[in-house]
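Participant:
Protein chains: 2
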Amino acid sequence: MPVLPQPTRRERQREATYDEIVRVSTQLLTDGAELSLRAVASRMGMTAPALYRYVANYQELVDLVAFELDKAATQDFMAAAESYLEDDPAARLCAACVAFRRWALTRPREFALVFANPIGSEDSERRELLTLSTSGHYFTDLLYQIWELYQFPYPALDDLDPIVRDAVLDPLIPAKADHIEPEDRGILWIYMRSWSALYGVVTLESTGHCDPRVIESAALFRATMLDWLEPLGLGAETERLTAVLDAELARDRSQR
Amino acid sequence: MPVLPQPTRRERQREATYDEIVRVSTQLLTDGAELSLRAVASRMGMTAPALYRYVANYQELVDLVAFELDKAATQDFMAAAESYLEDDPAARLCAACVAFRRWALTRPREFALVFANPIGSEDSERRELLTLSTSGHYFTDLLYQIWELYQFPYPALDDLDPIVRDAVLDPLIPAKADHIEPEDRGILWIYMRSWSALYGVVTLESTGHCDPRVIESAALFRATMLDWLEPLGLGAETERLTAVLDAELARDRSQR
DNA sequence: CATCTTGGTTAACACCATTCACGGTAAACG
DNA sequence: CGTTTACCGTGAATGGTGTTAACCAAGATG
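Residue numbers (my numbering), protein chains in the order written: chain A, 79 to 334; chain B, 79 to 334.
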């Protein structure tokens with residue numbers, strides 16, 4: 079029944095301006111300007127009310143841009159990871175995490191928009207969009223690859239809090255979980271735990287609620303990362319991965 | 079030279095309205111309304127421009143309110159802690175952390191204002207205010223009390239990254255450090271590390287970037303807390319403190 | 001008493017999101 | 001092909017925001 083032959087001219091036009099809205103919005107942010115409907119419209123040579131033909135309200139625009147920023151940032155993370163071989167997911171994860179931190183430090187406004195944007199627990203609309211987060215999928219995937227290689231221990235379903243069990247079986251967070259066997263979903267618990275640790279340091283640093291010298295030295299971030307090597311079965315590779323971490327962090331400092 | 083005999087009538091008046099501004103502002107927030115100069119002024123029976131006689135701009139008002147909210151929240155944490163004996167700082171820390179989480183979950187807007195409010199690294203004005211944060215002082219003090227009792231290991235100054243060493247010797251973060259001997263300042267490193275872990279979970283939960291069921295179950299928070307018992311020399315008391323944690327968390331659930 | 005400082009006012013500017021009534025134009029349909 | 005309809009933009013208006021400038025009255029000060 080659903081026939082979608084070819085997008086009609088009008089549909090193409092609509093999608094084009096839709097894309098332009100997102101493009102201009104992100105551009106606006108990276109230019110250091112405020113994100114506002116008026117500013118976006120004005121840059122497109124339109125008036126603000128016209129944008130309401132494309133987004134329901136301001137918040138929707140913000141969410142849209144957040145999604146797009148996340149997608150673009152993930153490309154960065156992937157690029158950083160690809161400095162290392164495909165069969166070395168541990169090194170790739172280290173590089174990706176450093177890239178994540180770098181992004182959070184160089185673009186604090188964008189970081190806050192994507193990762194500190196408050197989401198009401200009842201707001202199912204925005205929850206769904208959050209679930210699609212590209213970076214979340216990428217990081218879970220990296221973690222899964224590490225597990226395939228190193229078989230780090232994870233809790234059995236029965237050992238999990240029943241509510242958490244439901245949560246890992248049918249996750250409402252961004253996670254590429256479809257290809258993980260239900261019995262192995264305890265891996266997602268490890269993901270949440272490690273993610274919350276990484277999130278803590280990086281948010282602390284990005285928002286500046288941290289001694290500037292601690293940020294400069296990256297010591298807190300580094301220590302947190304090292305703490306998580308053992309639980310991910312990477313204890314034997316500590317030396318090698320520390321080198322990877324330090325190399326990536328050094329690249330940061332020289333760039334700044 | 080500096081003579082301050084008694085505050086003149088005008089000075090008292092000024093301070094009174096100043097206090098009222100802060101009081102009305104926090105009230106506004108807890109009422110669920112937006113914090114705006116106009117709203118504050120209107121509630122005080124004044125006009126917005128008058129407020130500029132007291133605060134330089136909107137951001138300064140926000141910082142002022144953030145400071146005040148933090149102070150009030152700390153009173154909550156202390157009250158929760160006082161359910162346990164003064165000579166049991168470990169139990170008190172657990173209770174305070176749960177209270178911290180509870181506050182972050184019930185008042186996400188206030189939490190974001192205080193703990194996710196971005197602070198530029200060059201903005202020394204706001205940095206100073208941050209350094210005075212009441213909650214930070216309280217938590218460092220609790221941690222120090224635990225150290226006095228349990229003597230958990232901490233890095234020697236020489237083992238610290240030189241930059242971090244400077245940071246713990248002359249901290250730019252909220253920390254009650256004056257009474258800690260310089261050689262013992264490695265304790266502050268433990269503080270930063272444990273704080274960043276706690277901060278990660280709580281921020282994740284408060285902003286909603288987390289599966290709602292994980293929040294409901296408090297499993298992530300609980301696991302993070304338990305992980306930090308060992309490094310704080312509380313490994314032998316795991317059972318007792320787990321009970322404390324669960325009791326406090328249970329009180330949360332019943333209240334909601 | 002005259003002067004100056006302080007703390008408030010009103011008016012105005014430049015933004016912001018959002019709604020509504022309208023019009024033109026391009027697609028869709030008979 | 002002509003007519004209708006749906007879409008996409010407009011301008012105008014509403015009510016909100018922070019912020020500045022000119023002004024003014026009352027209290028403090030010489």
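Even for Gly, the Cβ is constructed at its ideal location relative to N, Cα and C. Nothing here was measured: the structure is a model prediction, and the numbers come from that model.
When DSSP labels each residue in this structure, what does B/A168 get in the three-state scheme?
Facilitator: Helix, per DSSP.
Participant: Measure the C-alpha to C-alpha separation of A/V81 and A/E89 and round it to an integer number of angstroms.
Facilitator: Annotation note: pLDDT 43 at A/V81 (below 50); position unreliable, no value reported.
Participant: Is there at least one Cβ from chain B nearer than 8 Å to A/T302's Cβ?
Facilitator: Yes, A/T302 lies at the interface with chain B (some Cβ there is under 8 Å from its Cβ).
Participant: Let me know the secondary structure DSSP gives B/W181 once reduced to three states.
Facilitator: It is helical.
Participant: Give the residues of chain B in contact with A/V176, contact being defined as C-beta atoms less than 8 Å apart.
Facilitator: Chain B residues near A/V176: none, gap ~17 Å exceeds 8 Å.
Participant: Smallest Cα separation from A/A128: which of A/R170, A/L220, A/R92, A/D219?
Facilitator: Among A/R170, A/L220, A/R92, A/D219, the Cα nearest to that of A/A128 is on A/R92.
Participant: Between the C-alpha atoms of B/Y269 and B/D237, what's the straight-line distance to the nearest angstrom?
Facilitator: Roughly 16 Å between the two C-alpha positions.
Participant: In chain order, what residues of the segment 245-256 of chain B put their CB closer than 7 Å to some CB of chain A?
Facilitator: Within the segment 245-256 of chain B, the residues whose Cβ lies closer than 7 Å to some Cβ of chain A are A245, P249, L250, I251, listed in chain order.
Participant: Tell me, please, whether the CB atom of B/P127 is closer than 8 Å to any CB atom in chain A?
Facilitator: Answer no: the Cβ-Cβ gap between B/P127 and chain A never drops below 8 Å.
Participant: Consult DSSP for A/A297 and reduce its assignment to one of helix, strand or coil.
Facilitator: Three-state result, A/A297: helix.
Participant: Quick one: grab the DSSP three-state call for B/W273.
Facilitator: Helix, per DSSP.
Participant: Using the Cβ count rule (16 or more neighbours within 10 Å means buried), how would you classify B/G286?
Facilitator: B/G286 should be labelled buried.
Participant: Kindly say whether B/R271, judged by its beta-carbon, lies nearer than 8 Å to any beta-carbon of chain A.
Facilitator: Yes, B/R271 counts as interfacial toward chain A.
Participant: Please report the straight-line C-alpha distance between B/D219 and B/W225, rounded to a whole angstrom.
Facilitator: The straight-line gap from Cα to Cα measures roughly 10 Å.
Participant: Quick check: what's the CA-CA separation for A/C172 versus B/V280?
Facilitator: If you take the alpha carbons of A/C172 and B/V280, they lie about 24 Å apart.
Participant: Considering B/D236, what are the terminal residues of the alpha helix (DSSP H) in which it resides?
Facilitator: Counting along the chain, B/D236 falls outside any alpha helix (DSSP H), and DSSP gives it neither H nor E.
Participant: DSSP three-state call for A/S284: helix, strand or coil?
Facilitator: DSSP places A/S284 in helix when its eight states are reduced to three.
Participant: Which of the three DSSP states, helix, strand or coil, is assigned to A/M122?
Facilitator: Looking at A/M122 - three-state DSSP - the assignment turns out to be coil, as it is neither helix nor strand.
Participant: Between B/F155 and B/F189, is the Cβ-Cβ spacing less than 8 Å?
Facilitator: Contact: no.
Participant: Buried or exposed for B/A157, going by 16 or more other Cβ atoms inside 10 Å?
Facilitator: By the 10 Å Cβ count, B/A157 comes out exposed.
Participant: With three or more beta-carbon pairs closer than 8 Å as the criterion, would you say the segment 191-209 of chain B touches the segment 179-199 of chain A?
Facilitator: These segments touch.
Participant: Among residues of its own chain, excluding the 5 on either side of A/D97, which ones have a beta-carbon nearer than 7 Å to its beta-carbon?
Facilitator: Counting only Cβ-Cβ distances below 7 Å, and skipping sequence neighbours, we find nothing.
Participant: In three-state DSSP terms, what is A/F230?
Facilitator: Three-state result, A/F230: coil.
Participant: Between A/L113 and A/Q137, what straight-line distance do the alpha-carbon atoms span, to the nearest angstrom?
Facilitator: So the two alpha carbons sit approximately 11 Å from each other.
Participant: Does B/E326 come out as helix, strand or coil in the three-state DSSP assignment?
Facilitator: Helix at B/E326.
Participant: Among A/Q229, A/L227, A/T108, A/G264, which one has its Cα closest to the Cα of A/D244?
Facilitator: Measuring from the Cα of A/D244, the nearest candidate turns out to be A/G264.
Participant: In three-state DSSP terms, what is A/G264?
Facilitator: Reduced to three states, the DSSP call for A/G264 is helix.
Participant: Can you check whether the C-beta of B/P37 is within less than 8 Å of a C-beta belonging to chain A?
Facilitator: Here chain B covers residues 79 to 334 and nothing more, so residue 37 of chain B does not appear.
Participant: Quick one: does A/T281 have its CB under 8 Å from some CB of chain B?
Facilitator: It does; some Cβ of chain B falls within 8 Å.
Participant: Given that a residue counts as buried once 16 or more other Cβ atoms are within 10 Å of its Cβ, and exposed if not, what is A/T316?
Facilitator: By the neighbour-count rule (16 or more Cβ atoms within 10 Å), A/T316 is not buried but exposed.
Participant: For a contact defined as C-beta to C-beta under 7 Å, what are the partners of A/P196 on chain B?
Facilitator: P186, A190, T285, G286, listed in chain order.
Participant: Which residue wins for smallest C-alpha separation from A/P309, given the options A/P233, A/A111, A/L250?
Facilitator: Per the Cα distances, A/P233.
Participant: Are the beta-carbon atoms belonging to A/L221 and A/P252 less than 8 Å from one another?
Facilitator: Not in contact: A/L221 and A/P252 (Cβ atoms no closer than 8 Å).
Participant: Please look up how many angstroms separate the CB atoms of B/Q229 and B/G311, rounded, as I've assumed it's under 8 Å.
Facilitator: Indeed, because the Cβ distance is near 6 Å, the residues count as touching under 8 Å.
Participant: Please check if any C-beta of chain B sits within less than 8 Å of the C-beta of A/S202.
Facilitator: Answer no: the Cβ-Cβ gap between A/S202 and chain B never drops below 8 Å.
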